[in-house]
Structure formats: structure tokens, C-alpha cells
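A.B. asks:
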Amino acid sequence: MASIKVHLEKCTGCTLCVKACAFGAIHMSERKAVIDMAKCTLCGACVAACKFSAIELEKSGGPKKDLSAYKDVWVFCEQKKGVIQSISYELLGEGRKLADKLGVKLCAVLLGHGLEDAAHKLGERGADKVYLADHPALKAYQDDPYTTVLVNLVEEYKPEVLLCGATTIGRSLISRVAIKTEAGLTADCTGLDVDLKERLLLQTRPAFGGNIMATIIAPNHRPQMATVRHKVMQEAAVQPGRAAEIISKAYPEETFASRTKLLDVIEELTNTVNISEADIIVAGGRGMGGKENFSLLEELAKTLGGAVGASRSAVDADWIPYSHQVGQTGKTVVPKLYFACGISGQIQHLIGMQSSKIIVAINRDPDAPIFKVATYGIVGDATEIVPALTREFKRALNK
Amino acid sequence: MNIIVCIKQVPNTTDVRIDPVTNTLIRDGVESVINPFDAYAIEEAVRLKERCGGKVTALTMGPPQAENALKEAIGLGCDEGVLVSDRKFAGSDTWATSYTLACAIEKLEAYDVILCGKQASDGDTAQVGPGISTHLDIPQVTYVKKIAEINDKTAKVERMTEEGYDVVEIPLPCLFTVVKEINTPRMPSLKGMMRAKSAKIAKWTAADLDADPAALGLDGSPTRVVKIFTPEARKGGEMISGTCDEVAKELVELLKGEVV
Chain D
3 MASIKVHLEK
13 CTGCTLCVKA
23 CAFGAIHMSE
33 RKAVIDMAKC
43 TLCGACVAAC
53 KFSAIELEKS
63 GGPKKDLSAY
73 KDVWVFCEQK
83 KGVIQSISYE
93 LLGEGRKLAD
103 KLGVKLCAVL
113 LGHGLEDAAH
123 KLGERGADKV
133 YLADHPALKA
143 YQDDPYTTVL
153 VNLVEEYKPE
163 VLLCGATTIG
173 RSLISRVAIK
183 TEAGLTADCT
193 GLDVDLKERL
203 LLQTRPAFGG
213 NIMATIIAPN
223 HRPQMATVRH
233 KVMQEAAVQP
243 GRAAEIISKA
253 YPEETFASRT
263 KLLDVIEELT
273 NTVNISEADI
283 IVAGGRGMGG
293 KENFSLLEEL
303 AKTLGGAVGA
313 SRSAVDADWI
323 PYSHQVGQTG
333 KTVVPKLYFA
343 CGISGQIQHL
353 IGMQSSKIIV
363 AINRDPDAPI
373 FKVATYGIVG
383 DATEIVPALT
393 REFKRALNK
Chain L
184 MNIIVCIKQV
194 PNTTDVRIDP
204 VTNTLIRDGV
214 ESVINPFDAY
224 AIEEAVRLKE
234 RCGGKVTALT
244 MGPPQAENAL
254 KEAIGLGCDE
264 GVLVSDRKFA
274 GSDTWATSYT
284 LACAIEKLEA
294 YDVILCGKQA
304 SDGDTAQVGP
314 GISTHLDIPQ
324 VTYVKKIAEI
334 NDKTAKVERM
344 TEEGYDVVEI
354 PLPCLFTVVK
364 EINTPRMPSL
374 KGMMRAKSAK
384 IAKWTAADLD
394 ADPAALGLDG
404 SPTRVVKIFT
414 PEARKGGEMI
424 SGTCDEVAKE
434 LVELLKGEVV
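Structure below.
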């Protein structure tokens, strides 16, 4: 059984570990760290924080399989209705960098039906190889056949890294594949790098609502799997004419069996863009004063080609549907530009948007917490300032 | 209908604050609550029981104090609570957690539906629900926003997608992870609270489960944390003041490069 211990001779009593512990499990006694085992979760945060190697996390068992057989960086490329989703290009952009550092091939995995042309596009986005499984049962996402095919591919070709979008499809699929292949999986990474010596994928992700960052590895398991959110990585540029080797895979019919049956796909057309994919989000909260004022936000969003977001209180007041909600119980977004209009900035909202590149806050209350994270702050009535902004942007953009 | 709802006790994020001097988490006095997404799973489980009859068992893995979350779930209408707690589970990542919960579920009597929140607010992984269904080898639908039809053989549900929703038919037994849109959780009733107070929670350790010891806790977890750091705190930036038109002009000038 795994255990943790403090090497008292190395401990200097510096208290770095106490600060690193998110569970309040470490205290100092006679200038030495003492771990309260009732509270400790063996998360390893203190081990990582200690500068004197005084805390050791012992784990029994090493690799169960030959890790050296695993090579190449894979990207699961999501498609909907035959269209490759932009998250796949973002992953190919990042995957290319990792593959080059590791000196291996970048391979795309594409599952669907009638995708020959789409597969060729992946070469232009940097893939060296495309593993293509083309079958009517893969046309739209279903957990069972997608899992079976991806597990088959992983077991046959043994990638060392497998990246996947942190989307509805990606999160459902990759969680199942990781269990079946006994792989380590890290969710929602915001940074990826490699430790060349150990050939480890260094996966950095926010924890505790972005209050701390953790770097995670999977030393004894392959593939090393990670999901990445939208807009975190840079899209791979198109290199016209660049070709990938296409490896078409055929499987026996039972591979495509599905216990669930997709009866219908409903698209709820809204006049605005999907907020998780938007580069610009104009979000409103209680300070917008009422449902009717959300049209002001829509107008600004339309001018900028962005999407409309909302705080929980605006959604709870029925001013806008839940699909627009940003924050802990809504969506986490990372746009280039986020307008927080009449949003006070409760922690639950900040969690969902504080990684945006530029944040503009407009609020009547000069002490609103939103100003603490804002790149640009304006104290005033959002219902007056937003229309003025729309006018100015229209002028600047010649609209 | 036998329904299992898997829940997690998490720190209340409203209480998690950063010490402005040391830039570390202040955990003192942080209250533990039921993961907000699990509240919808509990409510849906109770509604399923009201719709089809049967029993709801709330299940959690965690430290001894996670018993409180189960009592709260009973107060909200669940019939029984099972706490799976052991030092041997410490250090579990999502692989080991879903394995442990799946082992506990196999020990319970035959089930028809397992409900989970779509993700936990402290880890945000959304991996444990799909992990449980994979370990149990049962079908799943994630991000369920409506259970439109259900009988003892099949269910028809709506899965939220980025563009709208899918309508999916699934045979029972199965697992659903649910989103906020599925319902509005009720408040605990007085009767429920009384029941919760006197409720006996079953407590299982690793020895009670038919589990491979090497697959539990840190040993059974492929992932490991190697570094923890505080992200550079986002600093409040520039304040722009003036009349409506003045601030609009200035802001547009500052943002021009970003929007073209």
C-alpha cells in the first residue's frame, strides 16, 4: 500500500509544504513537518513543493507493461456531420510541437463515415499519418462503437501520447478508453510539455477552480492521455499540399455494435455563437437590469462577431437560456476578449472566465470583485456604456 | 426500480480564498458540501423513484466525514446511504476512484439506473461517471438534460451537446451523468431531515469490496502530481473614466487590435 513520510533529517521547517497542502493536513511540530494521515489524500502536492526532498511518497509497483513499445503522438480528431471540429486543429497544433520534441510522428485519428476528403485535410494541418475508421455506425458519435474502435487502434499501434478535446464527445469517449487501456488521463490541461529524459508528458491543469495549478504525469502507464479545452492551444496552420499517409482500418461488424441508439440530433439554433468556441464574449449579469437589456449585449456581440454569455443570476432570472451561462455550474470559457457587463464577479463566475486573455468589466459598484481580474475597468451603468461601445466599434470597424 | 446515485463531498468553493500575502489557499473554516452537480443527480434519482417506484441508494467514497453528505442526501429523499472509506483509497485518481465505486456498486443489490453529476466542482474532470460505467461494462449517456421516457427495460433521454441535444435510447441497467438543466432540486423536508438524523449509513472498507488491492488508491492510480504552483494572480488593470462616449472611444482604441 502506498504511503507518505517525512524525512526528519532533511526537513528544515520552512513550511512550504504546509502552504502547498490543500487539505490542511500538515502542521509544524518542533520545526518539523507532521502529516495528519486522517486528512492526507496522498495527492503529492507537498512532495512537489518541498525544496529539500524531505517528503517521500512511496508507491508500490512499477510499469506493468513494456513502455518502450509505445511511440508517436496521437490526436483524436472530432467530427460532426463530416466536418472536422476546430478543437482538432488546435490539438494538432500542440501535438506537432510535442511530436517534434519527442522526435516521433504526429498521427490523427478520425472516426466517421464518408471522410476521405476530411482525412486529407488533416495532413495539411500537420499530421504525418491519419488512422481512418470509416463506417456508417461511426457517422455520429456513440459511446460504444467509438470506444471499441479507439481501444483497438491504441492496442494495435501503441501511441505514447493521446490528446483529445475536452468537449461533450471527447470527455465521454476518452474516459472510457483510459479505463479500458489502463492509461493515465488528465482532464482540461492548459499547458503541455515533455520531459525528454523520461519521455513523460507534463500535463498542467488548474485545480480548485483555478486557484492553484498542478502538473501531472503518468510515469508507468501508456498512452499518456490528456484532454484540452477549446481555445487554449493555437490552431495548426494550413500547409497546402502537405499530405499525410492515410491508414484505413476495417473491423468486423461486431466492433461497431452499440447498446445505445441515437434517435435524433436536434440543433437549437440561436442567433449567437457557441460560447465555448467564441473568441469574443459579451456577458451580462444582474446589473443589466432586465431581460430586455440583453438585446444591448447581443448587438455588441453581433458587431464584434462574438457570443453572448451570462452570469448565473441572469440565467436564474430567465433573462437568457442556461447554455449561455459562464461559471462553475455553467461553462468555462477562454476567449481572447471577455466583456463582463453588470456582473459583480462572484468566485463561481470568475472560475469560469478568469483565464480570458483580456477582461473588460463594466459595473456600477467600484468595489465589485470583477475589477480585481479586469484588464480594463469602467465604473458605470452597463446599459448606457454598452450601446456607446457598440456605436464606437461599428465606427471603428466601418460597419 | 433500483437507483444508485454517486455523490462527492467537496469544499465549498465560495469559501476557498487565496491568502493575498502568501498566495496560498486558505482552507481554514472551509465548509464541505455536496458537489453542486450531484444535487441534480440526487433530485433526479428521487424523481425517478416517485415516477417508477423503487429505492434510491446514495453512494460516496471519501473520508469519514463524507457521511454527512450521505445524510444530507437521505434528507433530500434518498432511502439509504453507503460510505466507502479506507486509508487504502487515499491518493485515488479518477481511474482508481471509478474502480472503487464500481466494486462497491457490484456489492449492492442489482440496480437499474446509476446517476452521477456531470463532474465534481473540485476536480472538474467529468471522468468518474464514464469510468464507473466502463468498469461495470454497462451503457451510458453523459450530459443528460432530460429523462423523457423510462420503463424497466429501456429509457429515452436527451443528451446536451454543444449545438443542442441528442435523443438517445438506452437499455437498462445503465448510467447517466446529468447537467443542471435536468431539474430544480427541492429543499430538504422536515420529515427528510428527521429521517436523515436517525439514518444508519453503511460503512465499507477496502476489505468489504471484492477489489484488487493493487488497483486501489495511489497504487492503482496511473497519474501523479509532480508540481503544484499558484498561477500568477491576475492583477486588476487600468480603470477608464469619463463620460459614456469618452470611455467607449478610449476602450475601442485600446481593443482595436483584438477585434479586427
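In order, the protein sequences belong to chains D and L. Position 235 (the first sequence) corresponds to 237 in the numbering used here; numbering is contiguous. Position 26 (the second sequence) corresponds to 209 in the numbering used here; numbering is contiguous. All C-beta atoms in this analysis are idealised placements derived from N, C-alpha and C, irrespective of residue type, glycine included. Since this is a predicted model, take the numbers as computed values, not measurements.
Taking CB distances under 8 Å as the criterion, tell me whether Phe395(D) reaches chain L.
C.D. replies: The sequence position of residue 395(D) within the first sequence is 393, counting from 1. Yes, because at least one Cβ of chain L sits closer than 8 Å to the Cβ of Phe395(D).
A.B. asks: By how many angstroms is the C-alpha of Gly286(D) removed from the C-alpha of Glu294(D)?
C.D. replies: As a first step, residue 294(D) is located in the first sequence; it is residue number 292 there, counting from the start. As a first step, residue 286(D) is located in the first sequence; it is residue number 284 there, counting from the start. Cα to Cα, Glu294(D) sits roughly 12 Å from Gly286(D).
A.B. asks: Going along chain L in order, which residues have a C-beta closer than 7 Å to the C-beta of Tyr378(D)?
C.D. replies: Here the question's residue 378(D) lines up with position 376 in the first sequence. Gly420, Glu421, Ile423, Leu434, Leu437, listed in chain order.
A.B. asks: Rounded to whole angstroms, what is the Cα-Cα separation between Gly186(D) and Lys329(L)?
C.D. replies: By 1-based counting over the first sequence, the position of residue 186(D) is 184. By 1-based counting over the second sequence, the position of residue 329(L) is 146. Each residue's Cα considered, the two are about 32 Å apart.
A.B. asks: In chain D, which residues lie with their C-beta within 8 Å of the C-beta of Thr401(L)?
C.D. replies: Translated into the one-based positions of the second sequence, residue 401(L) becomes position 218. The sequence shown places Leu at residue 401(L), rather than the Thr named in the question. Result: Ala4, Leu44, Leu59, Lys61.
A.B. asks: Could you give the DSSP three-state label for Trp321(D): helix, strand or coil?
C.D. replies: Stepping through the first sequence from its first residue, residue 321(D) is reached at position 319. Coil.
A.B. asks: Report the CB separation of Ala385(L) from Lys254(L) in whole angstroms; it is logged as a contact under 8 Å.
C.D. replies: Taking the first residue of the second sequence as position 1, residue 385(L) is located at position 202. Taking the first residue of the second sequence as position 1, residue 254(L) is located at position 71. With 8 Å as the limit, Ala385(L) and Lys254(L) do not qualify as a contact, their Cβ atoms being about 12 Å apart.
A.B. asks: Which residues in chain L have a C-beta closer than 9 Å to the C-beta of Arg366(D)? List them in chain order.
C.D. replies: For this step, residue 366(D) is matched to residue 364 along the first sequence. Within 9 Å Cβ-Cβ: nothing; Arg366(D) doesn't reach chain L, min ~13 Å.
A.B. asks: Below 9 Å on C-beta distance, what does Ile288(L) contact in chain D?
C.D. replies: Taking the first residue of the second sequence as position 1, residue 288(L) is located at position 105. Ordered by position in chain D, no residue passes the 9 Å Cβ test against Ile288(L), which lies about 14 Å from the chain.
A.B. asks: Can you name the residues that DSSP bridges to Ala312(D)?
C.D. replies: To locate residue 312(D), count along the first sequence from 1; it is residue 310. Answer by DSSP bridge pairing, in chain order: Gly286(D), Gln327(D).
A.B. asks: Assuming contact is defined by CB atoms lying nearer than 8 Å, are Ala273(L) and Leu59(D) in contact in what I supplied?
C.D. replies: Translated into positions along the second sequence, residue 273(L) becomes position 90. Translated into positions along the first sequence, residue 59(D) becomes position 57. No. Outside cutoff.
A.B. asks: Check this for me: beta carbons of Ala287(L) and Leu392(L), under 8 Å apart or not?
C.D. replies: Position 104 of the second sequence, counting from 1, holds the residue named residue 287(L). Position 209 of the second sequence, counting from 1, holds the residue named residue 392(L). Yes, these two residues count as a Cβ contact at 8 Å.
A.B. asks: Determine the DSSP secondary structure at Cys166(D), reduced to helix, strand or coil.
C.D. replies: In the first sequence, counting from the first residue as 1, residue 166(D) sits at position 164. It is a strand residue.
A.B. asks: Could you give the C-beta distance for Asp395(L) and Asp190(D), rounded to a whole number, given that I count them as a contact under 8 Å?
C.D. replies: Residue 395(L) sits at position 212 when you count from the first residue of the second sequence. Residue 190(D) sits at position 188 when you count from the first residue of the first sequence. The Cβ separation is near 29 Å, so there is no contact.
A.B. asks: For the alpha helix (DSSP H) containing Cys225(L), list its first residue and its last residue.
C.D. replies: Indexing the second sequence from 1 puts residue 225(L) at position 42. Note that residue 225(L) corresponds to Ile in the displayed sequence, not to Cys. Taken as a continuous stretch (DSSP letters only), the alpha helix (DSSP H) holding Ile225(L) covers 219–235.
A.B. asks: Using a beta-carbon distance below 8 Å, is Asp307(L) in contact with chain D?
C.D. replies: The residue you call residue 307(L) lines up with position 124 of the second sequence. Closer than 8 Å to some Cβ of chain D, the Cβ of Asp307(L) qualifies, so yes.
A.B. asks: Flag this pair as touching only if the segment 95–104 of chain D and the segment 150–158 of chain D have three or more C-beta atom pairs under 8 Å; answer yes or no.
C.D. replies: With the cut-off at 8 Å, the segment 95–104 of chain D and the segment 150–158 of chain D do not touch.
A.B. asks: Listing by chain order, which chain L residues have their CB less than 9 Å from the CB of Asn154(D)?
C.D. replies: Indexing the first sequence from 1 puts residue 154(D) at position 152. Near Asn154(D) there are no residues of chain L at all, since even the closest Cβ is about 15 Å away, more than 9 Å.
A.B. asks: Does DSSP put Arg201(D) in a helix, a strand or coil?
C.D. replies: Reading the first sequence from its first residue, position 199 is the one you call residue 201(D). DSSP places Arg201(D) in coil when its eight states are reduced to three.
A.B. asks: At a Cβ threshold of 8 Å, is Thr243(L) touching chain D?
C.D. replies: Your numbering for residue 243(L) matches position 60 in the second sequence. Answer no: the Cβ-Cβ gap between Thr243(L) and chain D never drops below 8 Å.
A.B. asks: Between which two residues does the beta strand (DSSP E) harbouring Pro354(L) extend?
C.D. replies: Position 171 of the second sequence, counted from the start, is the residue given in the question as residue 354(L). Element bounds for Pro354(L): 347–354.
A.B. asks: Rounded to whole angstroms, how far is the Cβ of Tyr148(D) from the Cβ of Leu93(D), which I believe are closer than 8 Å?
C.D. replies: The count along the first sequence starts at 1 and reaches residue 148(D) at position 146. The count along the first sequence starts at 1 and reaches residue 93(D) at position 91. No, Tyr148(D) and Leu93(D) are not in contact; Cβ-Cβ is about 16 Å, not under 8 Å.
A.B. asks: What are the boundary residues of the beta strand (DSSP E) that includes Lys386(L)?
C.D. replies: In the second sequence, the residue the question calls residue 386(L) occupies position 203. Here the beta strand (DSSP E) through Lys386(L) covers 384–387.
A.B. asks: Around the C-beta of Asn1(D), are 16 or more other C-beta atoms found within 10 angstroms, so that it is buried, or is it exposed?
C.D. replies: Given a span of 3 to 401 for chain D in the structure shown, any question on residue 1(D) remains unanswerable.
A.B. asks: Output, in chain order, the set of chain D residues within a Cβ distance shorter than 7 Å of Tyr326(L).
C.D. replies: Counted from its first residue, the second sequence places residue 326(L) at position 143. The answer, in chain order, is Thr170.
A.B. asks: Three or more beta-carbon pairs under 8 Å between the segment 417–428 of chain L and the segment 366–383 of chain D, yes or no?
C.D. replies: Taking 8 Å as the limit for Cβ pairs, the verdict is that the segment 366–383 of chain D does touch the segment 417–428 of chain L.
A.B. asks: Output, in sequence order along the chain, the residues in the segment 231–255 of chain L whose CB is closer than 9 Å to any CB in chain D.
C.D. replies: Cβ contacts with chain D come from Pro246, Pro247.
A.B. asks: Measuring alpha carbon to alpha carbon, tell me which residue in Ala56(D), Ile6(D), Met39(D), Ala4(D) is nearest Thr17(D).
C.D. replies: Locating residue 17(D) in the first sequence gives position 15, counting from the first residue. Thr17(D) has its Cα closest to that of Ala56(D), out of Ala56(D), Ile6(D), Met39(D), Ala4(D).
A.B. asks: Which residues in chain L have a C-beta closer than 8 Å to the C-beta of Lys401(D)? List them in chain order.
C.D. replies: Sequence index remark: in the first sequence, residue 401(D) carries index 399 (1-based). Within 8 Å Cβ-Cβ: nothing; Lys401(D) doesn't reach chain L, min ~11 Å.
A.B. asks: Nearest CA to the CA of Pro371(L): which residue from Glu227(L), Lys439(L), Lys339(L), Gly258(L)?
C.D. replies: The count along the second sequence starts at 1 and reaches residue 371(L) at position 188. That would be Gly258(L), whose Cα lies nearest to the Cα of Pro371(L).
A.B. asks: From the DSSP output, read off the bridge partner residues of Asn185(L).
C.D. replies: For the purposes of this step, residue 185(L) is identified with residue 2 of the second sequence, where counting begins at 1. In DSSP, Asn185(L) forms a bridge with Lys238(L).
A.B. asks: Return helix, strand or coil for Asn365(D), following the three-state DSSP convention.
C.D. replies: For the purposes of this step, residue 365(D) is identified with residue 363 of the first sequence, where counting begins at 1. In this structure, Asn365(D) counts as strand in the three-state DSSP scheme.
A.B. asks: Buried or exposed: where does Glu415(L) fall if 16 or more other Cβ atoms within 10 Å of its Cβ makes it buried?
C.D. replies: Numbered from 1 along the second sequence, position 232 holds the residue referred to as residue 415(L). Burial call: exposed.
A.B. asks: What whole-angstrom Cβ distance do Val350(L) and Val327(L) have, given they're in contact under 8 Å?
C.D. replies: Translated into positions along the second sequence, residue 350(L) becomes position 167. Translated into positions along the second sequence, residue 327(L) becomes position 144. Rounded, the Cβ-Cβ distance is 11 Å, inconsistent with contact.
A.B. asks: Do Leu355(L) and Asp295(L) have their CB atoms nearer than 8 Å?
C.D. replies: Sequence index remark: in the second sequence, residue 355(L) carries index 172 (1-based). Sequence index remark: in the second sequence, residue 295(L) carries index 112 (1-based). Yes, the Cβ-Cβ distance between Leu355(L) and Asp295(L) is below 8 Å.
A.B. asks: Tyr326(L) lies in the beta strand (DSSP E); which residues open and close that run?
C.D. replies: Position 143 of the second sequence holds residue 326(L). Its beta strand (DSSP E) spans residues 323–333.
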